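Visitor: Next up is a structure, given as structure tokens.
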Amino acid sequence: MALQDTREDGQEPIGLAAKHLQSLRRRDFLDGAALIDGSWVSGEQRDVVVDPATGQAIADVAHCEAADVNRAIAAAERAFFAWRKMLPAKRGSILRSWASLILDHAEELAILVTSEQGKPLVEARGEIAYGAGFLDWFAAEGERAYGETIPGHKPDSLLQVRMQPIGVAAAITPWNFPIAMITRKAGAALAAGCPIIVKPAPETPLSALAVARLAEEAGVPRGVLQVVVGNPVELSAALLRDQKVRALSFTGSTQVGRLLLGGAAETIKKTSLELGGHAPLLVFDDVDLDKAVNGAMAAKFATSGQDCLAANRIYVQRGLYGAFVEEFAKKIARLKVGHGLEPSTDIGPMTIISVANKCREQIDDALTRGAQLISSRCERLGPNFVTPALLSDVTDDMLIAQEETFGPVAAVLPFDTEEEVVARSNANEMGLAGYVYTNNLRRALRLSEQLECGMLGINTASFTGPPIPFGGWKQSGLGREGSRHGLAEYMELKYVCFGDLAA
Ligand code: NAD
5 MALQDTREDG QEPIGLAAKH LQSLRRRDFL DGAALIDGSW VSGEQRDVVV
55 DPATGQAIAD VAHCEAADVN RAIAAAERAF FAWRKMLPAK RGSILRSWAS
105 LILDHAEELA ILVTSEQGKP LVEARGEIAY GAGFLDWFAA EGERAYGETI
155 PGHKPDSLLQ VRMQPIGVAA AITPWNFPIA MITRKAGAAL AAGCPIIVKP
205 APETPLSALA VARLAEEAGV PRGVLQVVVG NPVELSAALL RDQKVRALSF
255 TGSTQVGRLL LGGAAETIKK TSLELGGHAP LLVFDDVDLD KAVNGAMAAK
305 FATSGQDCLA ANRIYVQRGL YGAFVEEFAK KIARLKVGHG LEPSTDIGPM
355 TIISVANKCR EQIDDALTRG AQLISSRCER LGPNFVTPAL LSDVTDDMLI
405 AQEETFGPVA AVLPFDTEEE VVARSNANEM GLAGYVYTNN LRRALRLSEQ
455 LECGMLGINT ASFTGPPIPF GGWKQSGLGR EGSRHGLAEY MELKYVCFGD
505 LAA
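Set out below in structure tokens:
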């Protein structure tokens, strides 16, 4: 397995990522300039971007400061008036052009995503298509911000509820979906008539800056979409303290979400939070074994496990438990670990080393408390790599059964009754997603009511997309993204009462 090209001249080897990036036709995708008030700002100070597979530097990007954020907010405020007045159909056509430019550049964007995030190239391509889909979907949804007319509650009156754009929005996005988490927020904000300032994760700024270039080329006007990169604490603080920023949309950990919610309280920003998950996946013994195992593979190992929808607790009913563990282990053993740019890779590096370390800690903790580790190989590819592992006989007191893993370690727990597994599934402060595998229709209907989560897949591990309300219960978040509910996050309701209408 070669993560780097060897060189005969004895110089530093060229990493796979650097080699692929050198081949990009769009050299501007690598210049690392931030987009502020219609200008590409390079700055003197730069931050390094690394390939998580090798730790090698692959690019550097601008290091924005609070003053840059303030300039961006002022520019967004200036851009707001014209953008909100533009007909929704015209805004929609700009969003559609942006989506098609993203698709036209899908291969180059996928190389950027894999180089800085680490996911296998095939998944990066999937993210580009998924991300462009939000722009297309919101392009049309912006024309459907209908509002309501309410039958009057007093004589000669007409009651209207209008939906109006809230104003300047800020988006703080994570590294696991460096493009789709931006388009999911920006698509809704722009369709609603709001300018948006994006602060991407410092690990994955290249993808964010590249899609911003394409937005500009699609005709998104100056100040309507801006991207600032730099220190997350400094930049987020500047966005939070300014009252002209009316809405905040954050995707990331519950821990940081809690901090940002506190900061947003000062100026009462409309806040939507897509936070951590700890999805239960329930397999009942009436179900086809292969379907359930395939579902668990998809729900656990997509994005190398670095997915907020990842199944963190796989509960299998006792009658199917042994067979499930055996089949699941066989499939996991076939997963190929490697650099995301190698075509055969299923599992790439963890984007940040703390995720890899957390996986190892959770495995150690589970083993100390009596779980079994079924993991066929132990490759040493680098500190950010985690060999996909299966922990069986996991119990509810183990760390992995309580805290989000965010990596390719699957925890399987036996259960006996439906009532018991519902109680155990709900005994967690996270409530983002859940999965159920059963052939019993009555049971499926009961569970769809009882499980405490924002999104539930019954006999499927694949349910996200632009038309669905993505979001969680409990400490997994506030508000929704995608769907008409996602558009509403960037709008205010205005109730208007027309009185005295009698002739
Ligand atoms: P994170 O919370 O560390 O970072 C998210 C964003 O917040 C980044 O832009 C980061 O730069 C910024 N940030 C970090 N610390 C900050 C601080 N102190 N002040 C201000 N900003 C700060 O999360 P992550 O590690 O990048 O992503 C992983 C987490 O995100 C997981 O918990 C995962 O479940 C969650 N996630 C949720 C969804 C969802 O839609 N619910 C989607 C993807 C990821």
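In the working numbering, the protein residues as written are 5 to 507.
Built from N, CA and C at the ideal position, the CB exists for glycine as well.
If you're wondering where the values come from, they're calculated on a predicted model, not measured in any experiment.
For Thr118 and Val425, I'd like the C-alpha separation in whole angstroms.
Guide: Within the sequence shown, residue 118 is the residue found at index 114, counting from 1. Within the sequence shown, residue 425 is the residue found at index 421, counting from 1. In a straight line, the C-alpha of Thr118 is about 37 Å away from that of Val425.
Visitor: In chain order, what residues of the same chain lie with their CB nearer than 7 Å to the CB of Thr442, ignoring the 5 residues before and after it?
Guide: In the sequence shown, residue 442 corresponds to position 438, counting from 1. Cβ within range, chain order: Phe288, Asp290, Val291 and Ala448.
Visitor: Is it buried or exposed, Lys189, if we count other Cβ atoms within 10 angstroms and call 16 or more buried?
Guide: What you label residue 189 is simply residue 185 of the sequence shown in a count that begins at 1. Label assigned to Lys189: buried.
Visitor: Can you tell me where the beta strand (DSSP E) with Ala283 in it begins and where it stops?
Guide: Locating residue 283 in the sequence shown gives position 279, counting from the first residue. Note, Ala283: beta strand (DSSP E), Ala283 to Val287.
Visitor: Around the C-beta of Ile170, are 16 or more other C-beta atoms found within 10 angstroms, so that it is buried, or is it exposed?
Guide: Here residue 170 refers to the residue found at position 166 of the sequence shown. Buried, by the Cβ-count rule.
Visitor: With H, G and I counted as helix, E and B as strand and the rest as coil, what does DSSP make of Lys158?
Guide: The residue given as residue 158 occupies position 154 in the sequence shown. Lys158 falls in the coil class under three-state DSSP.
Visitor: Taking 7 Å as the cut-off, does the CB of Val237 come closer than this to any heavy atom belonging to the ligand NAD?
Guide: Position 233 of the sequence shown, counting from 1, holds the residue named residue 237. Val237 Cβ: within cutoff of the ligand NAD.
Visitor: In the DSSP output, what is Ser276 paired with across the bridge?
Guide: In the sequence shown, the residue the question calls residue 276 occupies position 272. Partner(s): Ser253.
Visitor: From Ala37, Gly19 and Gln479, pick the residue whose C-alpha is nearest to that of Val260; which is it?
Guide: By one-based count along the sequence shown, residue 260 stands at place 256. Checked all of Ala37, Gly19 and Gln479; the closest Cα to Val260 is Gln479.
Visitor: State the Cα-Cα distance for the pair Ala303 and Arg82, rounded to the nearest angstrom.
Guide: Numbered from 1 along the sequence shown, position 299 holds the residue referred to as residue 303. Numbered from 1 along the sequence shown, position 78 holds the residue referred to as residue 82. Roughly 44 Å between the two C-alpha positions.
Visitor: Just checking my contact of Val172 with Ile77 at CB under 8 Å: how many whole Å lie between their CB atoms?
Guide: Within the sequence shown, numbered from 1, the residue matching residue 172 stands at position 168. Within the sequence shown, numbered from 1, the residue matching residue 77 stands at position 73. Correct: roughly 6 Å between the Cβ atoms.
Visitor: Which of the three DSSP states is assigned to Gly14 in this structure?
Guide: Position 10 of the sequence shown, counted from the start, is the residue given in the question as residue 14. Confidence at Gly14 is low in this model, with a pLDDT of 47, below 50, so its placement is unreliable and the value that follows should be read with caution. Looking at Gly14 - three-state DSSP - the assignment turns out to be coil, as it is neither helix nor strand.
Visitor: Count the other C-beta atoms from every protein chain shown that fall within 10 angstroms of the C-beta of Gly182, then say buried if there are 16 or more, exposed otherwise.
Guide: Translated into the one-based positions of the sequence shown, residue 182 becomes position 178. Per the sequence shown, residue 182 should be read as Pro rather than Gly. Label assigned to Pro182: buried.
Visitor: For Ala507 and Pro159, what's the separation of their Cα atoms in angstroms?
Guide: Within the sequence shown, residue 507 is the residue found at index 503, counting from 1. Within the sequence shown, residue 159 is the residue found at index 155, counting from 1. Whole-angstrom Cα-Cα distance: 12 Å.
Visitor: Verify the contact flag: Ile176, CB atom, against every heavy atom of the ligand NAD, threshold strictly below 7 Å.
Guide: Numbered from its first residue, the sequence shown carries residue 176 at position 172. Yes; taking the cut-off as 7 Å, the Cβ of Ile176 has a heavy atom of the ligand NAD nearer than that.
Visitor: Run through DSSP, which three-state label would Tyr150 get?
Guide: One-based indexing of the sequence shown puts residue 150 at position 146. In this structure, Tyr150 counts as coil in the three-state DSSP scheme.
Visitor: Got a sec: does the ligand NAD put a non-hydrogen atom nearer than 7 Å to the Cβ of Asn388?
Guide: Mapped onto the sequence shown, residue 388 falls at position 384. Incorrect: Asn388 has no Cβ contact closer than 7 Å to the ligand NAD.
Visitor: Just to confirm the assignment: which complete beta strand (DSSP E) runs, minimum length 3, are found wholly within the segment 391–476?
Guide: Correct list: 393–396, 413–419, 437–441 and 459–462.
Visitor: With respect to 7 Å, is the separation between the Cβ of Phe181 and the closest non-hydrogen atom of the ligand NAD below this value?
Guide: In the sequence shown, counting from the first residue as 1, residue 181 sits at position 177. Phe181 Cβ: within cutoff of the ligand NAD.
Visitor: Taking 7 Å as the line, does the beta carbon of Pro56 fall inside it for any heavy atom of the ligand NAD?
Guide: Residue numbering aside, residue 56 sits at position 52 when the sequence shown is read from its first letter. No.
Visitor: Would Gly411 and Trp477 qualify as a contact pair, given that the criterion is a beta-carbon distance under 8 Å?
Guide: Position 407 of the sequence shown, counting from 1, holds the residue named residue 411. Position 473 of the sequence shown, counting from 1, holds the residue named residue 477. No, the pair does not count as a contact, with Cβ atoms beyond the cut-off.
Visitor: Along the alpha helix (DSSP H) that carries Met301, what are the first and last residues, could you check?
Guide: Numbered from 1 along the sequence shown, position 297 holds the residue referred to as residue 301. Leu293 to Phe305 is the span of the alpha helix (DSSP H), which, as asked, contains Met301.
Visitor: Please name the residue in Ser396, Asp246 and Leu91 whose C-alpha comes closest to that of Leu371.
Guide: Taking the first residue of the sequence shown as 1, we reach residue 371 at position 367. With distances taken between Cα atoms, Leu371 lies closest to Ser396.
Visitor: Tell me the rounded alpha-carbon separation between Pro392 and Ser379.
Guide: Translated into the one-based positions of the sequence shown, residue 392 becomes position 388. Translated into the one-based positions of the sequence shown, residue 379 becomes position 375. So the alpha carbons of these two residues sit roughly 7 Å apart.
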